[in-house]
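Student: Input: one structure, supplied below.
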Amino acid sequence: MAILPIVTYNDAVLRQKADPVEADSEELQTLIDDMFETMYNSKGVGLAAPQVGKAVQLFVIDADEMTNELDDEEDLGPLVFINPVIIASDEEYLKIEEGCLSIPEVRDEVSRPQKITITYKDRNFDSQTLIADGWISRVIQHEYDHLRGILFLDYLSAFRRRLHRNTLKKIKEGSLQTEYALVPKLPIEQE
Ligand SMILES: [Zn+2]
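All residue numbers for the sequence shown refer to our numbering, where the first residue is 96 and numbers rise by one.
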């Protein structure tokens, strides 16, 4: 297994629509293992393939990390979502603070449906349907957005976004200190 560098918000791969995973392969299984290791190393609870530079419809989450503090939620452990589709969303919205491994140190509140139903293939390529509520629902929706080229910053007002301007600039320049490896898009060299 290997820890992969995480791309930052300004990388074009995070704005692409990810391609469906066509078939199982040794390469795919290695990518899944590496994504889990990368996610645990950076203390994240979810990681989408585009965040490690692969524009494919795959994300991993560790629901265990989230459910430990919330005993009323089912303990689901590590989950792999391949070619996921959200087929139903609750009409009730919740405002919860989010962060993103590709946008370190930036946190802000985002309003999203409380409950969703998602279909996907697990790492054995078995079809699954999950009705997710609370924290798990939140993390799934955030990671699902990554497969469509959407970042949580996109939901913020211009005012809220401006408050994060300095941190965003530092990330873009590659001058923000983080505890995990990042691949900032390097500034164009002045001749
Ligand atoms: Zn993210």
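C-beta atoms are modelled at their ideal positions from N, C-alpha and C, and glycine is treated no differently.
In this text, all values refer to a predicted model and were calculated from it rather than measured experimentally.
Does the beta-carbon distance from I156 to E268 come in below 8 Å?
Tutor: Indexing the sequence shown from 1 puts residue 156 at position 61. Indexing the sequence shown from 1 puts residue 268 at position 173. Going by C-beta atoms, I156 is not nearer than 8 Å to E268.
Student: Consider the C-beta atom of L196 and the heavy atoms of ligand 1; say whether any pair is separated by less than 7 Å.
Tutor: To locate residue 196, count along the sequence shown from 1; it is residue 101. It does: the Cβ of L196 is within 7 Å (strictly closer) of some heavy atom of ligand 1.
Student: Apart from the five residues just before and just after E192, which ones in its own chain have a Cβ nearer than 7 Å to its Cβ?
Tutor: In the sequence shown, counting from the first residue as 1, residue 192 sits at position 97. Closer than 7 Å at Cβ, skipping near neighbours: R202, D203, E204.
Student: Within this structure, are the beta carbons of I101 and L277 separated by less than 8 Å?
Tutor: As a working note, residue 101 is residue 6 in the sequence shown. As a working note, residue 277 is residue 182 in the sequence shown. Yes, these two residues count as a Cβ contact at 8 Å.
Student: If you run the structure through DSSP and keep just helix, strand and coil, what is S197?
Tutor: Walking along the sequence shown from the start, residue 197 turns up at place 102. Here S197 sits in coil by DSSP.
Student: Please list, in chain order, all residues of the same chain as I226 whose beta carbon is under 6 Å from its beta carbon, the five residues on each side excluded.
Tutor: Numbered from its first residue, the sequence shown carries residue 226 at position 131. Only T212 meet the Cβ criterion.
Student: Around the Cβ of K138, are there at least 16 other Cβ atoms within 10 angstroms (buried) or fewer (exposed)?
Tutor: Taking the sequence shown and counting its residues from 1, the one referred to as residue 138 is at position 43. K138 is exposed by the Cβ-count criterion.
Student: Quick check: is any heavy atom of ligand 1 less than 7 Å from the C-beta of H241?
Tutor: Position 146 of the sequence shown, counted from the first residue, corresponds to residue 241. Yes, the Cβ of H241 comes within 7 Å of a heavy atom of ligand 1.
Student: Quick check: is any heavy atom of ligand 1 less than 7 Å from the C-beta of H237?
Tutor: By one-based count along the sequence shown, residue 237 stands at place 142. Yes, ligand 1 has a heavy atom inside 7 Å of this Cβ.
Student: Let's see if you can read the secondary structure: which residues bound the beta strand (DSSP E) around Q223?
Tutor: Your numbering for residue 223 matches position 128 in the sequence shown. From DSSP, the beta strand (DSSP E) with Q223 extends over 222-227.
Student: How long is the line joining the alpha carbons of N105 and K112, rounded to whole angstroms?
Tutor: By one-based count along the sequence shown, residue 105 stands at place 10. By one-based count along the sequence shown, residue 112 stands at place 17. N105 and K112: Cα-Cα distance of roughly 15 Å.
Student: Taking I213 as part of the beta strand (DSSP E), name the residues at either end of that continuous run.
Tutor: To locate residue 213, count along the sequence shown from 1; it is residue 118. Its beta strand (DSSP E) spans residues 211-216.
Student: Please work out which residues of its chain come closer than 8 Å, Cβ to Cβ, to L196, disregarding the five sequence neighbours upstream and downstream, and give them in chain order.
Tutor: On the sequence shown, position 101 is the one that residue 196 refers to. Here the set comprises I101, M134, S137, G139, L142, Q146, Y275.
Student: How would you label R233, buried or exposed, when you count the other beta carbons within 10 angstroms and need 16 or more for buried?
Tutor: Taking the sequence shown and counting its residues from 1, one reaches residue 233 at position 138. When all chains shown are included, R233 counts as buried.
Student: When the Cα of R218 is compared with those of R257, I177, F131, which residue comes out closest?
Tutor: Counting from 1 along the sequence shown, the entry for residue 218 is found at position 123. When each option's Cα is compared against that of R218, the closest is I177.
Student: So for I266, helix, strand or coil by DSSP?
Tutor: Taking the sequence shown and counting its residues from 1, the one referred to as residue 266 is at position 171. Residue state, collapsed to three classes: helix.
Student: Looking only at C-alpha atoms, which of F154, D129, A253, M96 sits nearest to L242?
Tutor: Residue 242 sits at position 147 when you count from the first residue of the sequence shown. Taking only the C-alpha atoms, the option nearest L242 is F154.
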